[in-house]
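In the numbering used here, the protein residues as written are 70 to 307.
Quick reminder that beta carbons are idealized off the backbone N, C-alpha and C, glycines included.
Bear in mind that the values here come from a model prediction, so they are computed numbers and not experimental data.
Spelled out as structure tokens, the structure:
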């Protein structure tokens with residue numbers, strides 16, 4: 070269970086975070102959330118799919134990292150892709166909000182918290198969070214950028230999903246794979262965009278998707294499925 074502390078340069082002055090990726094720090098996941106403002110970069114490296122949140126039943130977009138549960142095939146003495154999803158790159162940090170009074174009104178201000186029980190967090194090795202003078206380290210600046218990406222992306226995400234659902238573009242996709250050794254893998258519960266319906270959009274529907282930038286995002290998502298072969302190739306090499 071996470072143990073989050075609000076980050077400050079006094080209590081966490083000497084805290085460090087291990088940032089490399091290997092079997093010990095593989096995250097034990099075969100997918101990660103991805104947001105609309107990341108999709109252009111992510112589609113070069115990963116298959117992008119939709120799954121349903123098991124608690125809410127709502128769709129969410131993810132990058133597929135492996136063909137087997139708990140297996141991340143992009144980790145091999147480091148992260149083997151040009152883009153690391155912000156949900157991964159943020160490490161043991163989260164962004165939250167606290168209520169503060171300003172000019173007689175309650176406002177929500179963003180705060181950064183760190184999971185002190187995360188195995189990457191320690192005082193001996195890794196990247197420092199703060200510099201000796203208490204300023205944010207280059208690493209923390211990168212984390213803040215990842216958290217900003219997630220915060221902005223979560224707001225864009227609802228708009229993206231609503232547009233795709235409105236145009237009936239999301240459909241189930243069957244991922245049935247046979248490896249070189251004869252092993253068969255079937256990935257269930259995944260969704261993608263219907264390319265035929267996407268290509269047939271016209272009128273207001275097409276204009277709205279284009280003007281919002283989501284038409285380009287949709288084509289990035291469909292093109293990303295070619296990266297499934299990359300996962301198959303990596304799995305065959307194991």
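C-alpha gap between residue i and residue j, whole angstroms
i, j, result
"residue 283", "residue 239", "14 Å"
"residue 286", "residue 202", "42 Å"
"residue 210", "residue 198", "9 Å"
"residue 191", "residue 135", "29 Å"
"residue 247", "residue 304", "11 Å"
"residue 91", "residue 277", "43 Å"
"residue 245", "residue 254", "6 Å"
"residue 212", "residue 164", "10 Å"
"residue 166", "residue 178", "5 Å"
"residue 105", "residue 261", "14 Å"
"residue 156", "residue 101", "7 Å"
"residue 290", "residue 79", "43 Å"
"residue 148", "residue 231", "32 Å"
"residue 125", "residue 194", "39 Å"
"residue 280", "residue 200", "43 Å"
"residue 235", "residue 188", "42 Å"
"residue 94", "residue 146", "11 Å"
For residue i, the three-state DSSP class (helix, strand or coil)
i, result
"residue 89", "coil"
"residue 39", "The first residue shown for the chain is 70 and the last is 307, placing residue 39 beyond what the model contains."
"residue 201", "coil"
"residue 73", "strand"
"residue 207", "helix"
"residue 84", "coil"
"residue 236", "coil"
"residue 302", "helix"
"residue 184", "strand"
Chain C within 8 Å of residue i, Cβ atoms only
i, result
"residue 286", "No chain C appears in this structure, which consists of one protein chain only."
Rounded distance between the beta-carbons of residue j and residue i, thought under 8 Å
i, j, result
"residue 162", "residue 219", "Contact doesn't hold; Cβ gap of about 10 Å is too wide."
"residue 115", "residue 296", "6 Å"
"residue 84", "residue 293", "Not confirmed; about 36 Å, so no contact."
"residue 196", "residue 206", "7 Å"
"residue 237", "residue 71", "Not quite, the Cβ-Cβ distance comes to about 38 Å (not below 8 Å), so this is no contact."
"residue 258", "residue 120", "6 Å"
"residue 111", "residue 152", "6 Å"
"residue 133", "residue 300", "7 Å"
"residue 103", "residue 131", "6 Å"
Heavy atom of the ligand FMN within 7 Å of residue i beta-carbon
i, result
"residue 224", "Ligands are entirely absent from the displayed structure, and the ligand FMN is therefore not among its contents."
Enclosing alpha helix (DSSP H) for residue i [first to last residue]
i, result
"residue 194", "From DSSP, residue 194 is part of no alpha helix (DSSP H); its letter is neither H nor E."
"residue 284", "283-293"
Quiz item: At what residue ranges does the stretch 241-276 contain a whole run of the alpha helix (DSSP H), taking only runs of 4 or more?
Solution: Fully enclosed alpha helix (DSSP H) runs of no fewer than 4 residues occupy 264-268 of the stretch 241-276, in order along the chain.
Practice problem: Quick one: which unbroken alpha helix (DSSP H) runs of 4-plus residues sit fully inside the stretch 95-177? Chain order, please. | Solution: Unbroken alpha helix (DSSP H) stretches of 4 residues or longer found wholly inside the stretch 95-177: 108-111, 155-158, given in chain order.
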